[in-house]
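A.B. asks: Order-wise, the sequence lines are chains D and A. Heads up, the first sequence is in the numbering used here, so the first residue is 799 and it goes up one at a time. Heads up, the second sequence is in the numbering used here, so the first residue is 563 and it goes up one at a time. Every residue, glycine too, gets a C-beta built ideally from N, C-alpha and C. Questions regarding the structure given below will be posed in turn.
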Amino acid sequence: MTLLDAPEVDTRPTLEARRISFGYQDRPIGVDLDLVIPDQSFTVIVGPNACGKSTLLRALSRLLKPTSGEVVLDGRDISSYPSKEVARRLGLLPQTSLAPDGITVADLVARGRFPYQSALRQWSKADEKAVSAALSATGTTSLSTRLVDELSGGQRQRVWVAMVLAQETPLLLLDEPTTFLDIAHQIGLLELFKELNRERGHTIVAVLHDLNHAARYASHLIAMRHGEIVASGTPAEVLTEEIVERVFDLPCRVIEDPVSGAPLVLPDGQPTH
Amino acid sequence: MSAALQAISKAESVDFGRRTVVIRAASLSVRLSFRTVAVGVVLIALTLLACLFGLGFGSFQVSVPDVAKALLGQGPEIIQTLVVKWRLSRVVLAVLIGLALGLSGAIFQSLTRNPLGSPDVVGFSTGAYTGTLIAIVFIGTSQGLMIGGALVGGIATALGVYLLAYKRGVHGFRLIVVGIALTAMLGSVNSYLLLNSELWQAKMAAVWGAGSINGLDWSEVRVVAIALAIVVPPTLLLSRQMNAMEMGDDASAALGIRVEPIRLALVVLGVALIAVTSAFAGPIAFVALAAPHIARALTRGTGALLVPSAIVGAALLVVCDIIAQWIFEPIILPVGLVTIVLGGAYLVWLLSRQTRREYS
């Protein structure tokens, strides 16, 4: 251990896709995609409905096996890891999850510990600490004894985030985490992700619909259309009038967001398709 | 051991909203709900008591204390013979079959995420009936043939339902819909077979179809016990996976569960459990459906609740079998008839209570 100051390259979480094609049996969705999730970034994927962004997220999280190419997690093909090992490196919040009937918040969050447990080791000190930390990070500690069914949409989504956090993964993949929430809860959740990214060093990859939220929170933006990556880079690089129109078929103007200084996309006219 | 074993219930940093018992010793650690443990202990005690009562019950009544004595090898020899040689096998069989039914029901309700899930969603009982009918009408009526027919028919039907429901993986809802369709079709096949059978054949089939543990003894107990010893441990080992899978396929896959192989394994285990019981006792209705509900209501727990469901299943069948022997004494009813009446009444009550709560 002489190179104390050397960057810990090997321990950094890395996720990239190398020429992956993916889709369902008869329906290819993405073809030959290359992408790198920058380490420690808050990456947001945007694109019109059915452009393949959620499917891409499924492929990145090994829920969908690419038909060709490989997803590389921490230097190795993701499919070469045991399934539980992936779950200790990469957490995913799917678009829809079902809370089992009559489950309490603490019980649900505790289920995030599955990748660390076994038939004999069902509730270790580490499990307890992780669940406790996940509840507190998401501000849901006071809800721990409540039934998940009784919570508001915003609270419930925080609880699901806590469940994924309990997995203690450096990488967090979030599929449309703010859909169905009102504006205040959307911002509250995005602020939480920002904190997880900045303060706790999680690399975050989120699919979002709202371009202005993406512009404000993302450090790296990926724009998709018809299963292809049209542009990627900082929000300022990606959210130009020309690229937004190309991606969404929607004429628009882009101005500077007076609050955050990020690009602000304003639709300007009918969709052209 | 007690030095290494620490039980904490209050010092936990996570509040689960109910009393939990955490046991940690070396690399072993479990967290149990206090209520679940208590319910389990009480139910086991009640079941054992019912067993003692059941052993004393019959044309020659033996009191509970005398039954206990006989089991311990004390008291008059004639009582010992009666209790241990003649009646014990029936009670043990009721316990084992009840366990299997409760466990199977818990598997299918968890798997389909549907409170009406039961082994019948994959059409096992109807298919087993078809198999038995074919054996009786076309081949022969020995016990072996009937058991074989039931197993082949039931397993083939379950397999058929699974394969027909398979499209990029099996989803609980599709399993139920395909199961209903195939069950309805087999029902008409069964009617046709019955109409084309001799009267005595139809009667024999009806006896099997009612579900009964009359006339079974130690040889059957042995086979059922061995089968359960093979099927139950892997089922219990999958309970954590089942709990996680109740959150949806994507959420559980993200936690590192290989959803499809596990689901197939669970269908196989659930069908094996029901196959073991149907082979010998015929289709005993409603226990598999009701046991997990009762277990959930009593423990107020979530998840598959495998062990509580199994215990409730055993308790239900032991009690129903006593009722079956007692109600029209000296005629012994098939226990399946009692479970249908009791289970049906329970289900109606459950559904009416649920709908009332939802629509008021």
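Using the Cβ count rule (16 or more neighbours within 10 Å means buried), how would you classify Q705 of chain A?
C.D. replies: Sequence index remark: in the second sequence, residue 705 of chain A carries index 143 (1-based). Q705 of chain A should be labelled exposed.
A.B. asks: Any beta-carbon of chain A closer than 8 Å to the one on L988 of chain D?
C.D. replies: Indexing the first sequence from 1 puts residue 988 of chain D at position 190. Output row for L988 of chain D: interface = no.
A.B. asks: Where does the unbroken alpha helix (DSSP H) through I669 of chain A begin, and where does it stop?
C.D. replies: As a first step, residue 669 of chain A must be located in the second sequence, where it is residue number 107. L650 to T674 is the span of the alpha helix (DSSP H), which, as asked, contains I669 of chain A.
A.B. asks: Return helix, strand or coil for L826 of chain A, following the three-state DSSP convention.
C.D. replies: Within the second sequence, numbered from 1, the residue matching residue 826 of chain A stands at position 264. Here L826 of chain A sits in helix by DSSP.
A.B. asks: Does the beta carbon of L799 of chain A come closer than 8 Å to any beta carbon on chain D?
C.D. replies: The residue you call residue 799 of chain A lines up with position 237 of the second sequence. Interface annotation, L799 of chain A: in contact with chain D, CB-CB separation under 8 Å.
A.B. asks: Taking DSSP as the reference, what is the three-state secondary structure of S1017 of chain D?
C.D. replies: The count along the first sequence starts at 1 and reaches residue 1017 of chain D at position 219. Coil, per DSSP.
A.B. asks: Is it true that the CB of S930 of chain D sits closer than 8 Å to the CB of V584 of chain A?
C.D. replies: Indexing the second sequence from 1 puts residue 584 of chain A at position 22. Indexing the first sequence from 1 puts residue 930 of chain D at position 132. No. Outside cutoff.
A.B. asks: For G1059 of chain D, name the three-state secondary structure that DSSP assigns.
C.D. replies: Mapped onto the first sequence, residue 1059 of chain D falls at position 261. G1059 of chain D falls in the coil class under three-state DSSP.
A.B. asks: What residue does the beta strand (DSSP E) around P826 of chain D start on, and which one ends it?
C.D. replies: Translated into the one-based positions of the first sequence, residue 826 of chain D becomes position 28. Unbroken beta strand (DSSP E) run through P826 of chain D: R825 to I835.
A.B. asks: Could you spell out the range, first to last residue, of the beta strand (DSSP E) harbouring E997 of chain D?
C.D. replies: Here residue 997 of chain D corresponds to residue number 199 of the first sequence, with the count starting at 1. Element bounds for E997 of chain D: n/a, residue is neither H nor E.
A.B. asks: By Cβ distance, which residues of its chain are closer than 6 Å to A904 of chain D, with the 5 residues on each side in sequence left out?
C.D. replies: On the first sequence, position 106 is the one that residue 904 of chain D refers to. Same-chain partners within the cutoff: S942.
A.B. asks: Thinking just about the alpha-carbon of each residue, which of D:I1053, D:I1027 and D:D824 is nearest to the one in V844 of chain D?
C.D. replies: Working through the first sequence from its first residue, we reach residue 844 of chain D at position 46. With distances taken between Cα atoms, V844 of chain D lies closest to D:I1027.
A.B. asks: From A:G773, A:R586 and A:L665, pick the residue whose C-alpha is nearest to that of V897 of chain A; which is it?
C.D. replies: Locating residue 897 of chain A in the second sequence gives position 335, where the first residue counts as 1. Checking every option, the nearest Cα to that of V897 of chain A belongs to A:G773.
A.B. asks: Considering D811 of chain A, what are the terminal residues of the beta strand (DSSP E) in which it resides?
C.D. replies: For the purposes of this step, residue 811 of chain A is taken as residue 249 along the second sequence, with counting starting at 1. From DSSP, D811 of chain A is part of no beta strand (DSSP E) but of the alpha helix (DSSP H) over D811 to A816.
A.B. asks: Could you pull out every residue in the same chain whose Cβ sits closer than 8 Å to the Cβ of L1009 of chain D, ignoring the five residues on either side in sequence?
C.D. replies: As a position in the first sequence, residue 1009 of chain D is number 211, starting the count at 1. Around L1009 of chain D: V844, L1037, V1042 and V1063.
A.B. asks: Counting only C-beta atoms, is V584 of chain A closer than 8 Å to chain D at any point?
C.D. replies: Residue mapping note: residue 584 of chain A aligns to position 22 of the second sequence, counting from 1. Judged by the 8 Å Cβ criterion, V584 of chain A is in contact with chain D.
A.B. asks: Taking 8 Å as the threshold (C-beta atoms), are V874 of chain A and A857 of chain A in contact?
C.D. replies: Translated into positions along the second sequence, residue 857 of chain A becomes position 295. Translated into positions along the second sequence, residue 874 of chain A becomes position 312. Contact: yes.
A.B. asks: Using a Cβ cut-off of 9 Å, which residues of the segment 802-817 of chain A contact any Cβ in chain D, in chain order?
C.D. replies: R802, Q803, N805, A806, E808, M809, G810, D811, D812, A813, S814, A815, A816 and L817
A.B. asks: Please classify Q568 of chain A: does DSSP put it in a helix, a strand, or coil?
C.D. replies: Against the second sequence, residue 568 of chain A aligns to sequence position 6. Summary for Q568 of chain A: the model assigns pLDDT 44, below 50, so the residue's position carries little reliability, and this model does not support an answer.
A.B. asks: Please state if the CB of L888 of chain D and the CB of T976 of chain D are separated by a distance shorter than 8 Å.
C.D. replies: Within the first sequence, the letter at position 178 stands for residue 976 of chain D. Within the first sequence, the letter at position 90 stands for residue 888 of chain D. Taking 8 Å as the Cβ cut-off, T976 of chain D and L888 of chain D do not qualify as a contacting pair.
A.B. asks: Output needed for W770 of chain A: all residues of its chain with C-beta closer than 6 Å, excluding positions within five of it in sequence on either side, in chain order.
C.D. replies: On the second sequence, residue 770 of chain A is found 208 positions in, with the first residue counted as 1. Excluding residues within five positions, the ones whose Cβ falls inside 6 Å are T694 and G844.
A.B. asks: Going along the chain, which residues of its own chain have a beta-carbon closer than 8 Å to the beta-carbon of R597 of chain A, five neighbours each way excluded?
C.D. replies: Stepping through the second sequence from its first residue, residue 597 of chain A is reached at position 35. Within the same chain, R597 of chain A has close Cβ partners R580, R581, T861, R862 and G863.
A.B. asks: Count the other CB atoms within 10 Å of the CB of K863 of chain D; is the residue buried (16 or more) or exposed (fewer)?
C.D. replies: What you label residue 863 of chain D is simply residue 65 of the first sequence in a count that begins at 1. Exposed, by the Cβ-count rule.
A.B. asks: Spatial neighbours of M809 of chain A within its chain, please: CB distance less than 7 Å, with the 5 preceding and 5 following residues excluded, ordered by chain position.
C.D. replies: Mapped onto the second sequence, residue 809 of chain A falls at position 247. The answer is none, since no qualifying residue turns up.
A.B. asks: Over what stretch of residues does the alpha helix (DSSP H) that includes S680 of chain A continue unbroken?
C.D. replies: Taking the first residue of the second sequence as 1, we reach residue 680 of chain A at position 118. S680 of chain A -> no alpha helix (DSSP H), and no H or E assigned at all.
A.B. asks: In angstroms, rounded to a whole number, what distance separates the CA positions of R825 of chain D and L990 of chain D?
C.D. replies: Looking up residue 825 of chain D in the first sequence gives position 27. Looking up residue 990 of chain D in the first sequence gives position 192. Going by the C-alpha atoms only, they are around 36 Å apart.
A.B. asks: Against chain D, does R675 of chain A count as a neighbour if the rule is that its beta carbon must be under 8 Å from one of theirs?
C.D. replies: Numbered from 1 along the second sequence, position 113 holds the residue referred to as residue 675 of chain A. Yes, because at least one Cβ of chain D sits closer than 8 Å to the Cβ of R675 of chain A.
A.B. asks: Excluding the 5 residues flanking A806 of chain A on each side, which residues of the same chain have their C-beta closer than 7 Å to its C-beta?
C.D. replies: By one-based count along the second sequence, residue 806 of chain A stands at place 244. The answer, listed in chain order, is S814, L817 and I819.
A.B. asks: Quick one: does A1034 of chain D have its CB under 8 Å from some CB of chain A?
C.D. replies: Translated into positions along the first sequence, residue 1034 of chain D becomes position 236. No, its Cβ sits nowhere closer than 8 Å to a Cβ of chain A.
A.B. asks: From the beta carbon of F596 of chain A, is the nearest beta carbon of chain D less than 8 Å away?
C.D. replies: On the second sequence, residue 596 of chain A is found 34 positions in, with the first residue counted as 1. It does not: the Cβ of F596 of chain A has no partner Cβ on chain D nearer than 8 Å.
A.B. asks: Is the CB of Q791 of chain D under 8 Å away from at least one CB in chain A?
C.D. replies: Residue 791 of chain D cannot be examined here, being either before or after the span of chain D that is shown, 799 to 1071.
A.B. asks: Please state whether DSSP places F619 of chain A in a helix, a strand or coil.
C.D. replies: Position 57 of the second sequence holds residue 619 of chain A. Here F619 of chain A sits in coil by DSSP.
A.B. asks: For A787 of chain A, which option in A:W762, A:A743 and A:A834 has the closest C-alpha, if you only look at C-alpha atoms?
C.D. replies: Position 225 of the second sequence, counted from the first residue, corresponds to residue 787 of chain A. For A787 of chain A, the nearest C-alpha among the options comes from A:A834.
A.B. asks: CA-CA distance, R998 of chain D and G1067 of chain D?
C.D. replies: Against the first sequence, residue 998 of chain D aligns to sequence position 200. Against the first sequence, residue 1067 of chain D aligns to sequence position 269. R998 of chain D and G1067 of chain D: Cα-Cα distance of roughly 41 Å.
A.B. asks: Since V793 of chain A and L831 of chain A should fall inside the 8 Å C-beta cutoff, what is the C-beta to C-beta distance between them, to a whole number of angstroms?
C.D. replies: Here residue 793 of chain A corresponds to residue number 231 of the second sequence, with the count starting at 1. Here residue 831 of chain A corresponds to residue number 269 of the second sequence, with the count starting at 1. Right, the Cβ-Cβ distance comes to about 6 Å (below 8 Å), so this counts as a contact.
A.B. asks: List, in order along the chain, the chain D residues whose C-beta lies closer than 7 Å to that of G865 of chain A?
C.D. replies: Position 303 of the second sequence, counted from the start, is the residue given in the question as residue 865 of chain A. Going along chain D in sequence order, the residues near G865 of chain A (Cβ under 7 Å) are P898.
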